[in-house]
Amino acid sequence: MKRRNFIKSTLVSSALYGVGGFSLFNQIARASAGGFPTLSSRVLVDLMLSGGANLRHLMPPPYESDPNSFGYRYWQVNAKTHNLPADDPAAWEQRWENDYYHLTDGTTSFGLLKEATWLKTMWDAGFLAIVNNVIGSNSRDHSYCQMIKDQGNVNAGRNDSGNPGWGGKLAYTTGGNVLALTSSPRNFCFGPNPNNLSQRSNDNVISAADTRKMRLYHPSAAKEKTYQGRIARSLRTYYAAKREEIASDSIYKRFTDIEYKSRQFGNAIDDRLSQFAIPANIEGLYTAGSSNVLNNRGLGKQIRNLYDSLAFSDIVNLRAASLAMGGWDTHKDQKVVIEKNFSDLFGANKAFDALSQNLPTVVRENSVLLIGGEFGRQLKANGNNGTDHGRGTSFLVIGDSVNGGIYGDMYPETELARLDDSSPDITGLTEYDHIFAPICDWIAPNSGNIIFPNQAAAKLEAGVDLGQLFV
Amino acid sequence: MLKKILTTASVILITYNNSYAAGFQTINNADWDEGAVRRVLHAFAYGGQTNEAMIIKLAKMSPQAAIKKMLTFGKSNGNISKLAKIDAARLSKKTNGSLRGLGEFWSSDDPDNDVPENKRYKYSVALDTNARPAELWLRAAVSHGLNPFRQKVGLWETNYHMAVNLQSSVNTQQMLTYYDDVVKSLGNTKRAYHKTLTTAATSAAVAEHYGHRNNVYKNDVCLCNEDFAREYFQLFFGILGDEDPDYHEEITIKNTAKALTDMKIEYVSGQGRVDHVTFGTEFHTPGTLDILYSLNKGRNALKRIQKLSQVAMFHHESRDNLPVIIISGLADDNLSDADIAEIRAAWSSMKTKNLLSFLRAYAISTQFHNASRVKYLTSIDRRMLINTQFILNNAEIDRYYLPAYLREEQAYPFEPIHNVFGGQTGEEAANSSDIFRAHYNSVTEKNYVFTKVAADTWRKDWASVLSKKLSIKYEVDKIGEFLWDRFIGDGLKNYGILERSYVNSLLASGKDLAYFIDDNDLDRVFTTEELETDADLISILENLASTKMALKSKDDQERQAANRNVGLAVSFILGTPYLFAREGR
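Taken in order, these protein sequences are the chains called A and B.
Using my numbering, the first residue of the first sequence is number 1271, and each one after it goes up by one.
Using my numbering, the first residue of the second sequence is number 544, and each one after it goes up by one.
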């Protein structure tokens, strides 16, 4: 096959590749040459807090002096997780006064860890929604609950790991792609197989663990005949032929698909990013010795990847980006571990603060950040200054278009009666469907019902209306 | 035979005479051929380091006899990993085969030590040095004269099934001891598998990672975390408590946390925490604990876990799930319901659960050799396969350094990316365009690794591993087949005319096919159809295929060129999609 024919065939295959691939050339053609491109669609950024985050530690109730009150009992049974004596109310009160912002929505007062400066800014601006008493499963098994959360399917069984994720479904439904910014794509990213919608496919996923290395090697003209050049040219032409010849049900087809997608997107992305210097405070997140380096430098890299992804969102037809952060399974020494994490995420000039400083308003207005873990923690400290697995939890929804506030009872009084149980946890009242579907609808109107067809049957806390999640 | 029936009021302990006949259906002798031998080597030993004669010999045996020779947990196994002629040290004689023992030798001044002097520090295991378990394992797994099956299963046990992580508080000495103790336990072939799980569960590495070394029972209160109490059942045994979640949460897990008390790990100034647990009684929970519908007794955590592991191994969820965890982890990403049923039946048929017997039975089963079996390679699997097959003798090991690649692909041994849930899986690797890209670029942009064939007194010598049959003519076509089977191991199933044409061109000329045919049309794409029907191309390909390679030439430059062409062909083979997965047939 001559070069002319090869080019022709790749154009044809891209058209057949799926809606995500189909729009590629149009998108490249109208991409901005210099500045930050306008998002071609609204974008969901989903951050998984792997391990099951204790968000009560971030947002505890105000200390109260009445021994029967929620605010007293919380601090009493969780004193150890704050490295405080279990019998020293004065120390609890001091901790509350010194280390937490005191916030309110007019009805509920709550604390916010002072390390979370950026999050306070979001709250003050009305861009932070706190959704409480959320549940995906009655299990406390990390991997199973992560699968349920990633699939957004509270009915998923343990053996359903091959089912698509809700980020992938969103991308598939809206004709775009999910960018997996983690070391390997989460279940969240995989869309349905067009031939069998209950099975997953990687057609709508682009993994981008390092957005600055997206190109498959190909030699410059001067190096075409080097040893590297000979093999790179061989493989490029070999794959061009192979992808046309390989059986559609071959287990190796996914690799010819990946090669094709990498070659097409990789070159365009590299060309785009060559115009974008990494902002200094984003580079600092993962650079040892910088003034704002994160404890978790892997997260810093993901933030850089996210910045880049938004910068080339038009090329990949970005609908969702997937991030993950470990270190939330705080069975021991919770204060030390978790506060580093919160600082990394929400501290001044740290992950999301640094990112948002570098995003144009129009990008911030058209993106939403969803943060949550696979489950929560138990209501009281264990014997190792930590907390063990619990089921109910809270989620944070953040963005310039978010209708900030508290959704669901932040501190249910009914918990008090269960504190002496052996494994008390937050009672789950709102299932995932009711949070995730409105987000999908905001990204693409009417997509929520398609992606979450069981929403009507899903549990929802009385009095909560998540249809108001966006302005 | 001892048989006690245990209920919540009494302990269930059933021990029969050892009987290791697992109930898989064994493949026919006729199907046990060279391809079958290679499949086993690729699935369980990174392709092995044996020669064609040995593969033929193993293929001529009955599958039952051959598999006993191939899969062993001994420190060495000459049937699947032979010393090269020039290898100086018989590692199995010089060391006890443990990572620590190997490290002592590789960091020593022993005259037979193949490790260059300036690199020996990497293998030091002395308490006052920075031990590197990953570097030790990587070398052990590719060293000729050891046993890659032992290392592969050892890695799976300690990095996947019962994973702990050097990125947590586990120190390198604890990790070395953990690995060596688990592998040593597996090496005792008559030892029941639950004892290996007990060894792991009571190790310093696990107590350190999960933090239950701090668990104490004081004043009738368990000052505990329940992290390992949960994962001991879920990850080690596959017990999720689905039958009665409340009992599992409120009774089994809570009481197991109480059983895991007073497990101190001494701190030694200048060394950190030691590599073993001291099982105390002062702060250990007294009395009987209701766990897993059994009554658990023991004066310390060790005694309790020893008993609990026996019970857990025979719990119905473990019987169902653990064998599936093993097979899906090591050999099959595409298990059907029927496969799972057969795996469970085979496991259940073993009155004493024994991992080696189970794996041997599986490796010669119709299920393993069935076309539906698919195993996607992890980054470690892929990189180890490449190095195991490309390194021709132990003196070459340091020329093919893996850590940087594995770091890039976030698949570094003993630092599992999912923490206690294990390292990168094959499915994850196969779904990641990042991994594909990193690999692709390593065999193209960085293929100097494969094309470098000489330095000082060293020469790459592919002729040293060719069979007598191949050595008669050194014919390109045959050498291409040899290389494909060495690295892909599919019995040439996927070695079509497209692949063969590219490989033969590189072997015969050192040039890719387009360059060889017309250096003004370097981007020409060849299709299978034209390669099969175009008369000019057919003629060219015939000439390339019959070219004799100068791998035994007396001229050093010619020999180097021939070996470089092999390196180029290997680069190409490694870049094809067929490297990334293995099929049953």
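C-beta: ideal position from N, C-alpha, C; glycine also.
Beta-carbon contacts of residue i that lie in its chain and below 7 Å, excluding the five residues immediately before and after
i	result
Y948/B	R926, S985
G644/B	T638
A1502/A	Y1487, H1488, P1489
Contact set between residue i and chain A, taken where Cβ atoms lie within less than 7 Å
i	result
I868/B	Going along chain A, no residue has its Cβ under 7 Å from I868/B, so there is no contact; the nearest lies around 12 Å.
T987/B	Y1487, Q1498, I1501, A1502, L1505
G1118/B	I1501, L1505
A1132/B	This structure leaves residue 1132/B out entirely; chain B is present only between 544 and 1128.
Y1121/B	Y1522
Cβ pair residue i, residue j closer than 8 Å
i	j	result
I1521/A	V917/B	yes
Y1129/B	K1512/A	What is shown of chain B runs 544 to 1128, which leaves residue 1129/B out entirely.
N864/B	G781/B	yes
G1653/A	N768/B	yes
L1689/A	K1729/A	no
D873/B	A1124/B	The sequence shown places Leu at residue 873/B, not Asp. Cβ atoms of L873/B and A1124/B: not closer than 8 Å.
T1378/A	I1676/A	yes
V1475/A	A1450/A	yes
S1320/A	Q1416/A	yes
T795/B	N690/B	no
Y760/B	F822/B	no
D1411/A	L783/B	yes
W1362/A	L1354/A	yes
V725/B	A747/B	no
G1642/A	I1696/A	no
V1448/A	G1437/A	yes
Residues sharing a beta bridge with residue i, DSSP
i	result
T741/B	According to DSSP, T741/B bridges with nothing at all.
N1463/A	N1466/A
Y1371/A	L1382/A
V1404/A	T1663/A, T1700/A
R1002/B	A997/B
M806/B	F822/B
V811/B	G815/B
Same chain only: Cβ atoms within 6 Å of residue i, ignoring 5 sequence neighbours per side
i	result
D1623/A	W1388
N1296/A	Low local confidence applies: a pLDDT of 39 at N1296/A is under 50, so the model's placement there is unreliable, and no value is given.
A1105/B	M1092, A1093, L1094
L1122/B	none
W649/B	V658, Y666
Q932/B	G590, R1029, F1030
V867/B	I883, I886
A1051/B	V1019, L1087, T1090
Residue i to residue j span [Cα, whole Å]
i	j	result
N1619/A	T1119/B	44 Å
D1679/A	F1665/A	13 Å
S1302/A	V1632/A	Its pLDDT being 43, under 50, S1302/A is placed unreliably in this model, and the value from its coordinates should be taken loosely. Cα to Cα, S1302/A sits roughly 15 Å from V1632/A.
A800/B	D833/B	12 Å
I1668/A	E1024/B	58 Å
E1529/A	S1692/A	53 Å
G1698/A	N1403/A	5 Å
A684/B	I978/B	22 Å
D1064/B	L1041/B	18 Å
8 Å CB neighbourhood of residue i in its chain, flanking five on each side removed
i	result
G1737/A	P1708
N1338/A	L1686
V811/B	V817
Q568/B	E885, S908, T909, Q910
E860/B	F780, G781, I782, L783, G784, D785, E786
Amino acids of chain A, ordered along the chain, whose beta-carbon sits closer than 8 Å to that of residue i
i	result
T831/B	The premise fails here: T831/B is roughly 18 Å from chain A at the closest Cβ pair, so nothing lies under 8 Å.
Y983/B	L1486, Y1487, L1505, E1529, S1532
Contacts that residue i makes with chain A (C-beta to C-beta distance below 9 Å)
i	result
G754/B	H1601, K1602, D1603, N1654, G1656
L766/B	N1652, G1653, N1654
L1041/B	Y1508, A1511, K1512, E1515
Under 8 Å from the C-beta of residue i: neighbouring residues of chain B
i	result
I1270/A	Nothing can be reported for residue 1270/A: it is not among the residues displayed for chain A, which extend from 1271 to 1741.
S1671/A	Going along chain B, no residue has its Cβ under 8 Å from S1671/A, so there is no contact; the nearest lies around 31 Å.
Per-residue contacts from residue i into chain D (C-beta, under 8 Å)
i	result
K1419/A	Chain labels in this structure do not include chain D; the protein chains are A and B.
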